[in-house]
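Residue 113 in the working numbering sits at position 36 of the sequence shown, and the numbers go up by one each step.
Positions of the beta carbon are idealized from the N, C-alpha and C atoms, including for glycine.
Beneath this line is the structure, given in structure tokens, with notes to follow.
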Amino acid sequence: MVRAGLQAHVAGRVIARVDVLHPRAIRRHELGPEDFTGRLAGARVEAARRRGKYLWLELSDKEAILAHLGMSGQMLVQPEGTPDEKHLRVRVRFDDGGPELRFVDQRTFGGLALADLAGPELLPAPIAHIGRDPMDPAFDPRQAVRALRSRRTEVKRALLDQTLVSGVGNIYADEALWRARLHWSRPTEKLTNAQGSKLLEAATEVMAEALNAGGTSFDALYVNVNGQSGYFERSLNVYGKADQPCPRCGTPIRREPFMNRSSYFCPRCQVRPRRN
Numbered sequence: 078m079v080r081a082g083l084q085a086h087v088a089g090r091v092i093a094r095v096d097v098l099h100p101r102a103i104r105r106h107e108l109g110p111e112d113f114t115g116r117l118a119g120a121r122v123e124a125a126r127r128r129g130k131y132l133w134l135e136l137s138d139k140e141a142i143l144a145h146l147g148m149s150g151q152m153l154v155q156p157e158g159t160p161d162e163k164h165l166r167v168r169v170r171f172d173d174g175g176p177e178l179r180f181v182d183q184r185t186f187g188g189l190a191l192a193d194l195a196g197p198e199l200l201p202a203p204i205a206h207i208g209r210d211p212m213d214p215a216f217d218p219r220q221a222v223r224a225l226r227s228r229r230t231e232v233k234r235a236l237l238d239q240t241l242v243s244g245v246g247n248i249y250a251d252e253a254l255w256r257a258r259l260h261w262s263r264p265t266e267k268l269t270n271a272q273g274s275k276l277l278e279a280a281t282e283v284m285a286e287a288l289n290a291g292g293t294s295f296d297a298l299y300v301n302v303n304g305q306s307g308y309f310e311r312s313l314n315v316y317g318k319a320d321q322p323c324p325r326c327g328t329p330i331r332r333e334p335f336m337n338r339s340s341y342f343c344p345r346c347q348v349r350p351r352r353n
């Protein structure tokens with residue numbers, strides 16, 4: 078949702094000035110704030126792109142502004158003169174005098190950096206290791222299934238491994254596993270090709286439906302570039318639904334700890350694998 082908003086409101090515009098209001102927001106740009114702001118003045122934004130949890134604004138000189146939102150980062154488009162947000166970290170003004178781009182980050186876990194675009198796909202160098210995600214037109218499901226099955230781990234851990242398949246977070250992993258009737262702890266080496274394909278199809282479907290609903294917003298931090306919340310939370314089947322009936326069979330949904338987070342599943346539809 079954020080990428081689509083940036084494409085609509087920022088692509089094709091020329092940067093006039095950048096103000097770094099908190100140095101931590103560009104800590105990944107090793108040459109510092111002056112280099113960051115100086116190199117961006119006069120650059121044209123060609124497109125907004127994304128791979129997994131990374132966003133970047135492709136610039137006219139084979140460079141990009143690479144962004145990771147962390148836990149609380151926001152990319153907001155605001156008319157000039159709009160009062161600054163409390164946690165505004167970076168402001169980008171354009172030469173057309175139109176709405177400015179703001180990077181807001183309450184916890185400052187996210188950040189921006191300039192990166193060279195390299196390789197045949199013109200990817201920012203720091204994210205060349207990130208795998209394609211199911212929303213990518215060039216995504217190869219068969220190759221992704223082989224990658225999942227090659228790991229010796231639990232299927233949910235593999236699904237969240239951004240080097241194998243990117244873009245699937247904890248919420249959508251639980252929803253995809255429920256749709257595919259797979260327990261989160263199923264060993265990847267016991268995953269059949271058919272099950273792997275079904276799981277990736279489910280992940281693609283659930284993320285497409287979430288995009289149509291504007292995304293999933295549990296609080297005010299998760300919004301699009303206009304500050305609007307998404308409504309896919311209302312369509313979740315298992316995530317956050319502990320003790321509520323499974324929409325498919327009526328069995329109470331269970332919650333289990335998983336990697337300092339939670340996994341939600343139906344114990345009847347998603348049978349726990351036997352331990353040999």
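Bounds of the alpha helix (DSSP H) holding H86 are 79–86. A straight line joining the alpha-carbon of A125 with that of R352 spans about 46 Å.
One thing to note: L143 has its Cβ within 8 Å of the Cβ of L189. Here DSSP, grouped into helix, strand and coil, assigns R258 to coil. The residue from L132, K130, A93 with its alpha-carbon nearest to that of G119 is A93.
If you compare the alpha carbons of V95, P214, C346, S339 with that of R325, the shortest gap goes to C346.
Less than 8 Å divides the Cβ of R349 from the Cβ of H260.
Residues of the same chain with a CB within less than 8 Å of the CB of Q84, apart from the 5 flanking positions on each side, are A124, A125 in chain order. Under DSSP, F180 shares a beta bridge with M152, V167.
Shown here for T230: same chain residues with a beta carbon closer than 6 Å to its own, the five before and five after excluded, namely T265 in chain order.
Apart from sequence neighbours up to five positions away, the residues of its chain that approach R228 with a beta-carbon distance below 6 Å are A235, T265, ordered along the chain. In the DSSP assignment, no residue is bridged to A290.
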